[in-house]
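Shown next, in structure tokens, is the structure this report addresses.
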Amino acid sequence: MFRKILVPVIGSQVDEEVIKLACRLAKQDKSEIHALHIITVKRDLPLDAEIQPEIQKAENILSHIETVAEKEKYKIDTDLLQARQAEQAIVDEAAKQGFDLILIGLGYKRRFGEFSLGDVVPYVLKNAPCPVIIYQCPGELAV
890 MFRKILVPVI GSQVDEEVIK LACRLAKQDK SEIHALHIIT VKRDLPLDAE
940 IQPEIQKAEN ILSHIETVAE KEKYKIDTDL LQARQAEQAI VDEAAKQGFD
990 LILIGLGYKR RFGEFSLGDV VPYVLKNAPC PVIIYQCPGE LAV
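Each residue of the sequence shown is one higher than the last, beginning at 890 in our numbering.
This is how it looks when you write it as structure tokens:
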């Protein structure tokens, strides 16, 4: 049973599918869903730097995610964080807020011609304080 579900979003088509899945899971247990977008701040900038184009992009992503959840007849909370590393921020947020589940959408990525999980997913799987579900979207949505 999951009471609090964390869904990191990046603005891809996969995000829509993973939010729909989160809504279906959450309805069963009347769980809270928190969509999280992380702005990665370069080391040459202060962590609290206001990077206006990135902030606006993030707010648009989160607004779209709220709309997707509303279509599923579910209300979600959204949050925007700035961090040096997205993967560390996801794990820290899950621990700090006491999430019961991290639900991550994964597109089909290639690195050196081979399928790759990227950097975020392996880190989260290794360090998460709660269960993690990875949802890979098939076909054209996975790009």
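Ideal Cβ positions, reconstructed from N, Cα and C, are used throughout, including at glycine.
In this structure, Ile979 sits near Pro897, with a CB-CB distance shorter than 8 angstroms. If you draw a 10 Å sphere on the C-beta of Phe1001, you find fewer than 16 other C-beta atoms in it, and that means exposed. Runs of the beta strand (DSSP E) lying entirely within the region 912–941 and spanning at least 3 residues, in chain order: 921–929. Of Cys1019, Asp1008, Lys960, Asp918, the smallest CA-CA separation from Glu982 is found for Cys1019. Ala972 is bridged by DSSP to Thr929. Secondary-structure assignment with DSSP links Lys893 through a beta bridge to Glu921. In this model, Lys909 and Asn949 are separated by some 18 angstroms (Cα to Cα). The beta carbon of Ile965 lies closer than 6 angstroms to those of Ile922, Ala924, Ala958 in the same chain, with the five residues before and after it left out.
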